[in-house]
Every structure is written in C-alpha cells, then in structure tokens.
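A.B. asks: Before I ask anything, here is the structure I am working with.
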C-alpha cells in the first residue's frame, strides 16, 4: 500500500495506491487526472508530476521505505476524455523501486460475477490521522456490474485508489496470495446500487491488460 500526496498551489489532496510491480502503482484515475477533458495543469492535461509524493508502506509518522516521486502518470480515454466513472483507474510510475523491498500485489480478472466474493479494502482515509493506514475486511461483493463492483467495506475520502482484494489459495487461477479484483473509487451517490454501496473499477480483462502493459513497457 502507498499513500499518494498531491500538493498544488498550497492545497494538499490525498489518495491511495498499491504496488503491482517494483516501480509502478495502480490507483484511481481521478487521482492522476481530473477527467472529462478537463486540464489538470500538467503534461497531457494530467496533474503536474512534480506535485506528487508517493510514500510506500506509510503508517502514521513511520515511512520505512522513504518517499518516491512520480515520473509518469497514466490513465485511459474513458476517464481522461469522457469522465466515465466505470473507467476511473490509472497508474503512476515511480522514481524508486520500492517494490523490490516491499513486494507487490497480484491481480486477477474473471468474466463471471464476483458477487459473494470476500473483500478487503486498505488505504489512507482522511477522517483518520493523516498518513494512518486502515483496513476493513470481512465483507463480500454485494453486486457486480460489467465494469464495477459494489461492497459494504467502510471507506472515506483519500482512499480512492485503494485495492479491493482477497487472499487466494494455492492453485487459484490467475493469482495466488494477496490478489486485487478492483480499484476503489467512489462512496455513495446516484441511484442503487451506487447509492447504497461503496464501489470501485473492476479489473476486467482489458483493465488487467492495460495495467500489465504499463508495468512492462
């Protein structure tokens, strides 16, 4: 887990991300780009890379792996151009290789419903002391859409980008161990199931392939 801190013109925003390689993290698209064709003030209308600090494994004042900077911000047109929340995901390349010290998450996708699948959400909620890492486990996916999953795990602002994950047993397809199925992005809004569940961008085959391409390129 990493805390993402962006400070622009004296104002600070928080997000969460998770390492899925030595020097790259996945996060919510709105953590790197304002979406919907808006201009974030940096290259290609993303937020300025220099405004970011990425702090792997932070817990309160403890920063055992130091602080990294962003070398590249990534997302997809469905978010950056269209502002479609079902495409709200992205990634940040890091100046460091913190994953070589921390390890990193696996991830997997399946076309079948995820409803009933066990979920854990971990991140850096801004209703707690800034920089404290919190986790809520023991819940399950309550509804599955083509590009989103819905759950009752407790979340708060600044947890955007948190992994929605589970521990998968040896022999599981695609991924074993700590494996991510979605990227948390939203609290309650709109109509059901959005109005009654926290929810995130599902790791579909295309999301999986994009994340792997970004990691390996």
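Residue numbers (the numbering used here): 43 to 259.
Think of the CB as a built atom: it goes at the ideal place given N, C-alpha and C, for glycine as much as any other residue.
#1: When burial is assigned at 16 or more other CB atoms within 10 Å of the CB, is residue 68 buried or exposed?
#2: Would the region 73–85 count as touching the region 120–127 if we require 3 or more Cβ pairs under 8 Å?
#3: Would residue 58 and residue 201 be called neighbours here (beta carbons separated by less than 9 Å)?
#4: Mind checking which residues open and close the alpha helix (DSSP H) that includes residue 117?
#5: At the level of alpha carbons, what is the spacing between residue 229 and residue 191?
#6: In terms of DSSP beta bridges, what is residue 212 paired with?
#7: For residue 250, does the three-state DSSP call read helix, strand or coil?
#8: Which residues does DSSP list as the beta-bridge partners of residue 44?
#9: Residue 144 lies in the alpha helix (DSSP H); which residues open and close that run?
#10: So does the region 127–135 actually touch the region 150–167, counting three or more Cβ pairs closer than 8 Å?
#11: Which value, in whole angstroms, describes the spacing of the CA atoms of residue 52 and residue 63?
#12: Would you call the region 183–199 and the region 211–219 touching, i.e. three or more CB-CB distances under 8 Å?
#13: DSSP state of residue 85, grouped into three classes?
C.D. replies: By the coordinates alone:
#1: Walking along the chain shown from the start, residue 68 turns up at place 26. So residue 68 counts as buried.
#2: yes
#3: Counting from 1 along the chain shown, the entry for residue 58 is found at position 16. Counting from 1 along the chain shown, the entry for residue 201 is found at position 159. Cβ atoms of residue 58 and residue 201: closer than 9 Å.
#4: Taking the first residue of the chain shown as position 1, residue 117 is located at position 75. That residue, residue 117, is in no alpha helix (DSSP H); its beta strand (DSSP E) goes 112–117.
#5: Counted from its first residue, the chain shown places residue 229 at position 187. Counted from its first residue, the chain shown places residue 191 at position 149. Roughly 12 Å between the two C-alpha positions.
#6: Within the chain shown, residue 212 is the residue found at index 170, counting from 1. Per DSSP, none; premise fails for residue 212.
#7: Position 208 of the chain shown, counted from the start, is the residue given in the question as residue 250. Note: residue 250 maps to helix in three-state DSSP.
#8: As a first step, residue 44 must be located in the chain shown, where it is residue number 2. DSSP output for residue 44 lists 59 and 98 as bridge partner(s).
#9: Translated into positions along the chain shown, residue 144 becomes position 102. Residue 144 -> alpha helix (DSSP H) spans 141–144.
#10: no
#11: As a first step, residue 52 must be located in the chain shown, where it is residue number 10. As a first step, residue 63 must be located in the chain shown, where it is residue number 21. Near 31 Å, if we compare the C-alpha coordinates of residue 63 and residue 52.
#12: no
#13: Mapped onto the chain shown, residue 85 falls at position 43. Helix, per DSSP.
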